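Chains as they are written, first to last, in my numbering: chain A, 48 to 238; chain B, 247 to 448.
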């Protein structure tokens, strides 16, 4: 199967970057295995394929890296496309911001929005995905504001503990993959 | 409604500064009980000793993703072949964690950066003052590149690559830096969102 990072960066076999990635063969193989485990898992567990793709498309939309975004947007169920696009447009901001535990670091607190899905978005996405999108926005832009209460909101919306682990990994993995693709893309453009 | 519940951590003191001290981490969601873990779950930990860690037992709820995450992590940081020296991979991890605000991750990787570089004061200055701290040109270039990869929107560009080359990083080293900073955007989000750091009892 095609290596997603290689394919999104445009790393051709035999190229300089191909040789560089080959020096970290385990990282290359397991970054791909992470993708497969999240998007083509042996067992879906409690998180459906459509949910995985909807959350992924929201994450990549928020990052605004065109190639990665197009790759995940193409997997999105057609009935969710416009809803996800509308929420991305409303939710996109700058990061990372957020609060530190009260104390000497409080002078570094950077305020920013606690974003909520629109009413129209909530109707299109349903309560489970709406809760996941709100949590995802926090993870992407202001992860240091995380709290047990954000996890409780996911539980209240019907996500189990197992599901939350999967969703957290999915958002966090994409935060990695998007940056590797962008970073290697810049490096490739200088070779 | 799920019948699962969030956990209220036991009484603890949350660190309020970035530190190189050893910290604990207390989960907000129930880790797997050791007794419930199958061979598949145990294998996903990669290091069997991690069965004692609530963080890894929580992530073991999705074992295939955990195993792939861990093997990616280990190769990015521990593979000694060529590329960026270990100390500077750790520096990129610490800088990324400093910017995102992951006090736990920053503590671990600042310790490693200090151990491998022996530049304890510089590492501590990064923790105390943040990613704008004065280090030296090579370390400032590495920190600036990590910040540019972490910030949203990302600002990492050719100027960062040129600055890294000017301080002696070759292409493989730059690729390692990209891997290390990007990986900590993964790790920080798990650590920050699934539990809370605590100071260790004296």
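All residues carry an ideal CB built from backbone N, CA and C; glycine is no exception. Small disclaimer: the values here were computed from a predicted structure and weren't measured.
Run through chain A and tell me which residues come within less than 8 Å of residue i, C-beta to C-beta.
{"i": "residue 376 of chain B", "result": "155"}
{"i": "residue 403 of chain B", "result": "233"}
{"i": "residue 276 of chain B", "result": "208"}
Excluding sequence positions up to five away, which residues of its chain have a Cβ less than 8 Å from the Cβ of residue i?
{"i": "residue 174 of chain A", "result": "204, 205"}
{"i": "residue 228 of chain A", "result": "52, 55, 56, 112, 114, 115"}
{"i": "residue 289 of chain B", "result": "309, 313"}
{"i": "residue 322 of chain B", "result": "335, 422, 425, 426, 429"}
{"i": "residue 153 of chain A", "result": "146, 147"}
{"i": "residue 102 of chain A", "result": "176, 179, 180, 183, 214, 217, 218"}
{"i": "residue 311 of chain B", "result": "305"}
{"i": "residue 318 of chain B", "result": "429"}
{"i": "residue 156 of chain A", "result": "145, 146, 147"}
{"i": "residue 251 of chain B", "result": "276"}
Give me the residue from the options with the minimum Cα distance to residue i.
{"i": "residue 195 of chain A", "options": "B/257, B/273, B/267, B/385", "result": "B/273"}
{"i": "residue 401 of chain B", "options": "B/336, B/390, B/411", "result": "B/390"}
{"i": "residue 40 of chain A", "options": "A/237, A/220, A/136", "result": "Since the first residue shown for chain A is 48 and the last is 238, residue 40 of chain A is missing from the structure and cannot be characterised."}
{"i": "residue 259 of chain B", "options": "A/150, A/166, A/209", "result": "A/150"}
{"i": "residue 214 of chain A", "options": "A/134, A/166, A/105", "result": "A/105"}
{"i": "residue 269 of chain B", "options": "B/255, B/281, B/328, B/350", "result": "B/350"}
{"i": "residue 139 of chain A", "options": "A/162, A/145, A/207, A/85", "result": "A/162"}
{"i": "residue 275 of chain B", "options": "B/315, B/304, B/320", "result": "B/304"}
{"i": "residue 177 of chain A", "options": "A/185, A/216, A/224, A/164", "result": "A/164"}
{"i": "residue 392 of chain B", "options": "A/223, A/88, A/158, A/71", "result": "A/223"}
{"i": "residue 121 of chain A", "options": "A/136, A/97, A/141, A/142", "result": "A/97"}
{"i": "residue 440 of chain B", "options": "B/375, B/396, B/404, B/301", "result": "B/301"}
{"i": "residue 108 of chain A", "options": "A/133, A/64, A/125", "result": "A/133"}
{"i": "residue 436 of chain B", "options": "A/190, A/207, A/235", "result": "A/190"}
{"i": "residue 127 of chain A", "options": "A/60, A/168, A/65, A/64", "result": "A/168"}
{"i": "residue 363 of chain B", "options": "B/298, B/431, B/333", "result": "B/333"}
{"i": "residue 236 of chain A", "options": "B/404, B/380, B/438, B/416", "result": "B/404"}
{"i": "residue 130 of chain A", "options": "A/172, A/202, A/159, A/230", "result": "A/172"}
{"i": "residue 142 of chain A", "options": "A/136, A/158, A/48", "result": "A/158"}
At a CB-CB cut-off below 9 Å, which residues of chain B make contact with residue i?
{"i": "residue 209 of chain A", "result": "250, 307, 308"}
{"i": "residue 134 of chain A", "result": "Correct list: empty, because the minimum Cβ distance to chain B is about 16 Å."}
{"i": "residue 172 of chain A", "result": "Chain B residues near residue 172 of chain A: none, gap ~18 Å exceeds 9 Å."}
{"i": "residue 179 of chain A", "result": "Per Cβ cutoff of 9 Å: no residues; residue 179 of chain A is ~13 Å from chain B at best."}
What residues of chain C sit near residue i, judged by a beta carbon separation below 8 Å?
{"i": "residue 220 of chain A", "result": "Among the chains of the structure shown, chain C does not appear; the protein chains present are A and B."}
Whose C-beta lies closer than 6 Å to the C-beta of residue i among residues of the same chain, with five residues either side of it excluded?
{"i": "residue 449 of chain B", "result": "Residue 449 of chain B is absent from the structure shown; chain B starts at 247 and stops at 448."}
{"i": "residue 265 of chain B", "result": "353"}
{"i": "residue 347 of chain B", "result": "none"}
{"i": "residue 210 of chain A", "result": "93, 94"}
{"i": "residue 271 of chain B", "result": "301, 350, 441, 443"}
{"i": "residue 200 of chain A", "result": "178"}
If the cut is a Cβ gap below 7 Å, which residues of chain B does residue i touch?
{"i": "residue 227 of chain A", "result": "424, 425, 428"}
{"i": "residue 195 of chain A", "result": "252, 274"}
{"i": "residue 212 of chain A", "result": "304, 305, 307, 308"}
{"i": "residue 184 of chain A", "result": "Near residue 184 of chain A there are no residues of chain B at all, since even the closest Cβ is about 11 Å away, more than 7 Å."}
{"i": "residue 114 of chain A", "result": "Result: empty, since nearest Cβ-Cβ is about 13 Å, beyond 7 Å."}
{"i": "residue 152 of chain A", "result": "262, 263"}
{"i": "residue 67 of chain A", "result": "417, 418, 421"}
{"i": "residue 236 of chain A", "result": "404"}
{"i": "residue 147 of chain A", "result": "347"}
Residues of chain B with CB closer than 8 Å to the CB of residue i, please, in chain order.
{"i": "residue 98 of chain A", "result": "Result: empty, since nearest Cβ-Cβ is about 14 Å, beyond 8 Å."}
{"i": "residue 188 of chain A", "result": "398"}
{"i": "residue 119 of chain A", "result": "Per Cβ cutoff of 8 Å: no residues; residue 119 of chain A is ~16 Å from chain B at best."}
{"i": "residue 142 of chain A", "result": "397, 398"}
{"i": "residue 73 of chain A", "result": "317, 318, 320, 321, 325"}
{"i": "residue 89 of chain A", "result": "310"}
Would you mind sorting residue i into buried or exposed? The rule is 16 or more other CB atoms within 10 Å of its CB.
{"i": "residue 99 of chain A", "result": "buried"}
{"i": "residue 187 of chain A", "result": "buried"}
{"i": "residue 212 of chain A", "result": "buried"}
{"i": "residue 119 of chain A", "result": "buried"}
{"i": "residue 192 of chain A", "result": "buried"}
{"i": "residue 254 of chain B", "result": "exposed"}
{"i": "residue 315 of chain B", "result": "buried"}
{"i": "residue 263 of chain B", "result": "exposed"}
{"i": "residue 72 of chain A", "result": "exposed"}
{"i": "residue 234 of chain A", "result": "buried"}
{"i": "residue 208 of chain A", "result": "buried"}
Near residue i, what residues of its chain come up, given a Cβ to Cβ distance below 7 Å and the 5 sequence neighbours on each side ignored?
{"i": "residue 419 of chain B", "result": "329, 330"}
{"i": "residue 414 of chain B", "result": "384"}
{"i": "residue 396 of chain B", "result": "342, 345, 346, 427, 431"}
{"i": "residue 65 of chain A", "result": "58, 59"}
{"i": "residue 198 of chain A", "result": "211"}
{"i": "residue 434 of chain B", "result": "342, 343, 346, 348, 351"}
List, in order along the chain, the chain A residues whose C-beta lies closer than 7 Å to that of residue i?
{"i": "residue 327 of chain B", "result": "70"}
{"i": "residue 414 of chain B", "result": "In chain order: nothing, as chain A lies at least about 16 Å away."}
Is the stretch 343-358 of chain B in contact with the stretch 368-382 of chain B, if contact means three or more CB pairs nearer than 8 Å? yes
Please confirm if the stretch 397-412 of chain B is in contact with the stretch 276-294 of chain B, defined as three or more CB-CB distances below 8 Å between the two stretches. no
Kindly confirm or deny that the stretch 403-419 of chain B and the stretch 433-445 of chain B touch, where touching means at least three C-beta pairs closer than 8 Å. no
Evaluate contact between the stretch 275-285 of chain B and the stretch 373-387 of chain B, counting only Cβ atoms and requiring at least three cross-stretch pairs below 8 Å. no
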